[in-house]
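The structure under discussion appears below in the form of C-alpha cells.
Chains as they are written, first to last, in our numbering: chain A, 1 to 269; chain B, 270 to 602.
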C-alpha cells in the first residue's frame, strides 16, 4: 500500500466513483442487450417477458443479412489493406531516416484528427469527379484510409521495442533478407500487427459517418441499416441486430485474446 | 525519398539524338542481359527500401490530401442550376457562410453557419470539461490501484470503444427516451418525465460516454508512471494528502490530461452522430450542416467551403493548444 492510499476512506470514495463511471460506460450497452429479448413491439424499459422473435426477424430479413455481409467484407478488406500498408510504412518510418520525417509521420495520423464527415465528403467528391463508382472498392479505400493510423501506431510501437540483433543473427547464419523478414521479423512484430488489424476491422465494421457518403443501395453496411431503422421506426429488431454486431466486434477479439493469450486488446489501446 | 530526389537533381537534361545515344550507351542491351538484370534487381531493392515509408505517405497523398485539395478547389466554384458545379472562381461560398446574415422570424440575426460552428465548439468544450472531470477519477484509480483485477478493469474501459459508435449512441435513446430507463426509474419515485432526448444535455451525455475512454487511458498512463516516492516525500515534508495531490500528482499527470483533452475536443467538435441521434434541430452541429448541404441540397461547393472553414478553425485551435502543451503526447514518438 502506498501512503496516499493509506487514507482508506478517501480511497474508498475514489473506488466508488470509479465504479459509478464504469456503470455509466457499460449500462447503456447492457440495456440494448436486455431489450433485444423483449416480446413487445416497442423497445421499452424494463422489458416485459422474454422472446427471441426479433432475432428470428433479423435472420429472416435478407436486407439486414446482406448489410451484415457487406460490413464483414469491407471490414476484412480494409483490415488487410491497412495491415499491409501500415506494416510497410511503419518499417520505413522506424528504421530509416529521411527529411521531414516528423511532418510526414503526422500525415499518417491526419485521418484521426479530421472529422469523418469531411473525409467522407472529400473522398466522394474527388473520386466521383475522376469517374469512380460507389462500389466496394471505394468503401475499402475509404475505410483503409480511416483505419490506417491505428495499424501504423500499433505496429510502430512494436517495432520500437524490436531487437535488431535478432535479424543480424539470422543473417549471419545464412538467411537471406526475405527469410529473415518472414522467419524473424514478422513473428516478433506479429502481436502488434494483429492488434492493429483487429482494431482496423472493428472500426471499419462499425463506421457510419463517412460511410454514408460512400454507399449505394447494393453496398449498404450494417451501421447504415441501423441508422436508417433508428431514424424511421424504432423497432426491437434494432436491438437484436445491435447485439449481434456487439458479439462480432467485442466477442471475437475477446475470444482471440483469451485463446492466443497475447493481450491483443490492451495492445491496441 | 531522398534517393529519387538525388537522381532527379543530378540528371543532365539531354535533347534530340543525344538522348537516344545516351539511352543506348547505358541500356541493358550494351551491358548484356545478365548485367542488366542484376542492375534492375539492385535498383529495385533500393527503391523498395526507399519506398517503405513512401507507401503510407503516397496513400495519404492520394486518398486524403488530393481529395482535400479538390474540396478546397470546389469551395471556390459555385453550384449552378440543377446542382451542376460551375467551374468559375468565386468567393461567393465564403461570403455566404461568413458574412451574409440570415433573417430568422424577420429579425436580422447573425450568420447561421457561424452560429452552428460556435455551437459545435461550445458542445466540444462542454464535453471536454465533463470528460476530464469524470475521467480523471477512474484514470487515477487505475493508475494507483494494486488490485489484481486491474487488467480486467482496463479491458472494461477499452471494450466499449470496440462497440460500433452508432450502437453506443443508439443505446442512449433507450435510456433517455420517453419510454426509456431514466423515465422508468424516475417513475419509481413518483416523478413524471417525458424523456430527456433531443436536448443539449442528451448530446453531451452521449458524447461524454463515447469519448470517456480517450480521456481515461492517457490519464491512467500518466498516473501509472508517477513514482510513489514523489508523493510520499511530499507528505513526509508535511504536505496534506490534498496538497500532495495538487503539487505532485496533478502536475505529473498533465501530459495525460492534455493528450486526452485535445483528442476528446477534436472528436466531439466533429461529431455527426451525437447531434443526429440525440439532439434536436437546435443542436445541429457543423458535421450535420455539411452533411445536409452536401447530401440533401447537393450544393457541393458550399459544403466544401463549410468544411474548409471548419478545418481552418480547428487546426488554428490545435496549433494554439500545441504551443502550450505539445502534441507529441497524443501520438507518442
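For each residue, glycine too, the CB sits at the ideal point set by N, CA and C. Note that this is a predicted model, so its numbers are computed, not measured.
Between residue 52 of chain A and chain B, the shortest Cβ-Cβ separation is not below 7 Å. In this structure, A:261 is the residue among A:261, A:165 and A:58 with its C-alpha nearest to the C-alpha of residue 420 of chain B. Taken in chain order, the members of the region 537 to 555 of chain B whose beta-carbon sits within less than 7 Å of a beta-carbon on chain A are 539, 541, 542 and 546. Residue state for residue 565 of chain B is assigned as helix, using DSSP reduced to three classes.
Residue environment: residue 359 of chain B is assigned as exposed (fewer than 16 neighbouring CB atoms within 10 Å of its CB, all protein chains considered). A Cβ-Cβ contact shorter than 7 Å links residue 32 of chain A with residue 440 of chain B. Residue 393 of chain B is positioned such that its CB atom lies no closer than 7 Å to that of residue 555 of chain B. Residue contact with chain B for residue 93 of chain A: present (Cβ-Cβ distance below 7 Å to some residue of chain B). For the region 317 to 385 of chain B, the continuous alpha helix (DSSP H) assignments of 4+ residues that do not extend past its boundaries occur at 335 to 343, in sequence order. When the beta-carbon positions are compared, residue 401 of chain B and residue 522 of chain B stay at least 7 Å from each other.
Listed along the chain, the chain A residues whose CB falls inside 7 Å of the CB of residue 329 of chain B are 107, 108 and 110.
When secondary structure is reduced to three states using DSSP, residue 553 of chain B falls in the coil class, being assigned neither helix nor strand. Contact residues of the region 134 to 158 of chain A toward chain B are 141, 142, 144, 145, 148, 149, 152, 153, 156 and 157 (C-beta to C-beta distance below 9 Å). Note that the C-beta distance between residue 184 of chain A and residue 86 of chain A is not below 7 Å. In this structure residue 575 of chain B is not in contact with residue 341 of chain B, their Cβ atoms being roughly 12 Å apart against a cut-off of 8 Å. For residue 496 of chain B, the secondary structure class from DSSP, reduced to helix, strand or coil, is coil.
Of the residues assessed, residue 221 of chain A falls on the buried side of the cut-off, its CB having 16 or more other CB atoms within 10 angstroms. Between residue 438 of chain B and residue 475 of chain B, the C-beta spacing is below 7 Å. Taking the C-beta atoms as reference points, residue 517 of chain B is found nearer than 7 Å to residue 503 of chain B. When C-beta distances to chain A are compared with 7 Å, the residues of the region 447 to 465 of chain B below that value are 448, 449, 450 and 453, in chain order.
Excluding the 5 residues flanking it on each side, residue 230 of chain A has same chain C-beta neighbours closer than 7 Å at 238, in chain order. In this chain, residue 234 of chain A is not harboured by any alpha helix (DSSP H), its DSSP state being neither H nor E. Contact between residue 253 of chain A and residue 202 of chain A is confirmed by a C-beta separation of about 7 Å, below the 8 Å threshold.
For the region 398 to 411 of chain B, the beta-carbon criterion of a distance under 7 Å to any beta-carbon of chain A is satisfied by 403, 406, 407, 409 and 410.
The three-state reading of DSSP puts residue 431 of chain B in helix, counting H, G and I together.
Residue 443 of chain B belongs to the set of residues whose beta carbon lies under 7 Å from a beta carbon in chain A. Three or more Cβ pairs drawn from the region 187 to 206 of chain A and the region 71 to 87 of chain A lie within less than 8 Å of each other, which places the two stretches in contact. For residue 585 of chain B and residue 139 of chain A, the gap between their C-alpha atoms comes out near 31 Å. The three-state secondary structure of residue 105 of chain A, taken from DSSP, is helix. Listed along the chain, the chain B residues whose CB falls inside 7 Å of the CB of residue 61 of chain A amount to none; the nearest CB is some 18 Å away.
For residue 136 of chain A, the enclosing alpha helix (DSSP H) stretches over residues 136 to 160. Here residue 536 of chain B is buried: its Cβ has 16 or more other Cβ atoms, across all protein chains shown, within 10 Å.
The region 242 to 251 of chain A and the region 411 to 418 of chain B do not touch, with fewer than 3 CB-CB distances between them shorter than 8 Å. The closest CA to that of residue 217 of chain A, considering only A:38, A:48, A:84 and A:135, is found on A:135.
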